[in-house]
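Worksheet for the structure shown next.
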Amino acid sequence: RMAAAPPSYCFVAFPPCSKDGLVVFGKNSARPRDEVQEVVYFAAAAHDPGSKVECTYIEIEQVPKTHAVVLSKPSWLWGAEMGANEHGVCVANEAVVTREPASESEALLGMDLVRLGLERGATAKEALDVIVALLEEHGQGGNYYEDGSSCHTFQSAFLIVDRNEAWILETSGKYWAAEKITEGVKCICNQLSLTTKIDAEHPELRNYVRSQGWWNGDSDFNFSEVFSIADDHLACCSGRESLEKQGGDVSAQAMIDVLRDKDSGVCVDSESFLTTASIVSVLPQDPSFPCVHYFTGTPDPSRSIFKPFIFVDDVKLVPKVQSPSFGNDDPAKKIPRFQEKPDRRHELYKAHEWARSLLENDQDKGQKLMRIMLDLEKQGLEAMEDILTRTEVLDPAEVVDLFYDCVDTELKFFK
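Under this note's numbering, think of the first position of the sequence shown as 50, with each following residue one higher.
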């Protein structure tokens, strides 16, 4: 039996469902409970001809120039669960199971493709083209978890968003289909969702599924029906209704509220899985305004706070949400892999563990702490709202240490 994919959720809301000409993107990353996610920034860079880039399991050709990116990523691997680049492109991925078994041989992980799409694509469509070209060339495969005892493999789905449009990209092996979205609210989770509205696809997709006997060529081509394991095709999205209820008012706060909702199942806290990190991004359709990306960097958004990040030159790095680096001694880099698990907790993660035990052991103190934290978050949201509604152009100096200061303040409260 194939292990069920972790139930992550990604959302995007476009006007007229979202506020004031904003595109709002969000994701909860559900991963194994004890996995640490870090938030890391990489500046734009130029690379020498012929240079290579070492992804989680394989090395591939580097491109001449990579964009600046900010990523929320499991700290043992190269790729990312979700993130954004300096051009206002956001990408998140979902592990999915299709009728085609995912490959155990090491290739690109869906999470590597998130980072590669962000580093190489200046628009959502460019990021999509990058991802499908790399799939064609290198394929996807390898262990999704830091687990030396068994190999967990999945196919990938992606939500790729910029200021103008979004693409839902679903894959099985190197085959894929994609749908373009420009309005309303969309949710993707850990199962296939594309049906008959397909705006781009692998050139051999239909021939391939006919040769497999999965489609006879007479009926409408329905991607989910063709690729899903029987009975697996359900309407997944419990968070979508709450966003649609906002009636034209989906904001960063509304997206955060949906991600925090445990009753709907969007905020995962189960025996095997936990929402280990979350992101919300606000992309103004007017390019003269900056995009704002909020990261938790800690597990369980209902007990974490969303801290804003804006791309500017020389943005201040935040080591306190970065996991320790083990270089070539990392058990994830040695073959056989994952023979031991090093302590990957970063400073903010450790502070959160302390706060969590406080919440569990001293309810009054815990709730008081949570109120202070949410108040801090609210100040950040209001300050960002101010930036997105004022007429004068943003002075980069004002936000160069924005994310750094938010993390710093959060840590001070825990002290």
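We put the beta carbon where it would ideally sit given N, CA and C, even for glycine.
Nearest neighbour of P56, chosen from F452, E130, H401, Y90 [CA to CA]: The residue labelled residue 56 in the question sits at position 7 within the sequence shown. Comparing Cα positions, the closest option is E130.
N- and C-terminal bounds of the beta strand (DSSP E) containing N77: Working through the sequence shown from its first residue, we reach residue 77 at position 28. N77 -> beta strand (DSSP E) spans 71–81.
So Y90 is in the beta strand (DSSP E); what residue range does that whole segment cover? As a position in the sequence shown, residue 90 is number 41, starting the count at 1. Per DSSP, Y90 belongs to the beta strand (DSSP E) from 86–91.
Taking 6 Å as the cut-off, does the CB of F270 come closer than this to any heavy atom belonging to the ligand HEM? For the structure depicted, the ligand HEM is absent and the ligand set is empty, with no information on it obtainable.
What does the Cβ neighbour count give for Q412, buried or exposed, with the cut at 16 atoms within 10 Å? Locating residue 412 in the sequence shown gives position 363, counting from the first residue. When all chains shown are included, Q412 counts as exposed.
Would you check if the distance between the CB atom of E214 and the CB atom of L243 is smaller than 7 Å? As a first step, residue 214 is located in the sequence shown; it is residue number 165 there, counting from the start. As a first step, residue 243 is located in the sequence shown; it is residue number 194 there, counting from the start. Against a cut-off of 7 Å, the Cβ pair of L243 and E214 comes out as no contact.
R289 to L323 span [Cα, whole Å]: In the sequence shown, the residue the question calls residue 289 occupies position 240. In the sequence shown, the residue the question calls residue 323 occupies position 274. Cα to Cα, the separation comes out at about 20 Å.
Taking A206 as part of the beta strand (DSSP E), name the residues at either end of that continuous run. Here residue 206 refers to the residue found at position 157 of the sequence shown. From DSSP, the beta strand (DSSP E) with A206 extends over 204–210.
Closer than 6 Å by C-beta to A79: which residues in its own chain qualify, once you throw out the five before and the five after it? Chain order, please. Here residue 79 refers to the residue found at position 30 when the sequence shown is read from its first residue. If we look at A79 and ignore the five residues flanking it on each side, its Cβ neighbours are P55, P56, S57, V317, F322, T324.
Locate the beta strand (DSSP E) running through V140, then write down its first and last residues. As a working mapping, residue 140 is identified with position 91 in the sequence shown. Where V140 is concerned, the enclosing beta strand (DSSP E) starts and stops at 139–145.
Please report the residue range of the beta strand (DSSP E) in which W216 lies. Position 167 of the sequence shown, counting from 1, holds the residue named residue 216. In this chain, the beta strand (DSSP E) harbouring W216 covers 215–221.
For the stretch 426–441 and the stretch 330–347, state whether three or more C-beta atom pairs, one from each stretch, are separated by less than 8 Å. yes
Quick one, which of H187, A95, G233, V145 has its alpha-carbon nearest T202's? Numbered from its first residue, the sequence shown carries residue 202 at position 153. When each option's Cα is compared against that of T202, the closest is V145.
Nearest-angstrom Cα separation, counted from D211 out to P333: Taking the sequence shown and counting its residues from 1, the one referred to as residue 333 is at position 284. Taking the sequence shown and counting its residues from 1, the one referred to as residue 211 is at position 162. So the two alpha carbons sit approximately 9 Å from each other.
Integer Cβ distance of G137 from L120, believed to fall under 8 Å: As a working mapping, residue 137 is identified with position 88 in the sequence shown. As a working mapping, residue 120 is identified with position 71 in the sequence shown. 15 Å between Cβ atoms; not a contact.
Cβ shell of S291 (< 6 Å), same chain only, five flanking positions each side left out: Position 242 of the sequence shown, counted from the first residue, corresponds to residue 291. Contacts found: V307.
Output yes or no for whether 7 Å exceeds the beta carbon distance between Q189 and A156. The residue labelled residue 189 in the question sits at position 140 within the sequence shown. The residue labelled residue 156 in the question sits at position 107 within the sequence shown. Yes. Within cutoff.
Pull up the DSSP beta-bridge partners for K101, would you. Numbered from its first residue, the sequence shown carries residue 101 at position 52. Per DSSP, the beta-bridge partners of K101 are E110.
Leaving out five residues before and five after K494 in sequence, what residues of the same chain have Cβ atoms less than 8 Å from its Cβ? The requested residue 494 is not part of the displayed model; the chain covers only 50 to 464.
List, from N- to C-terminal side, the beta strand (DSSP E) runs of 3 residues or more that fit wholly inside the stretch 337–374. 341–344, 356–358
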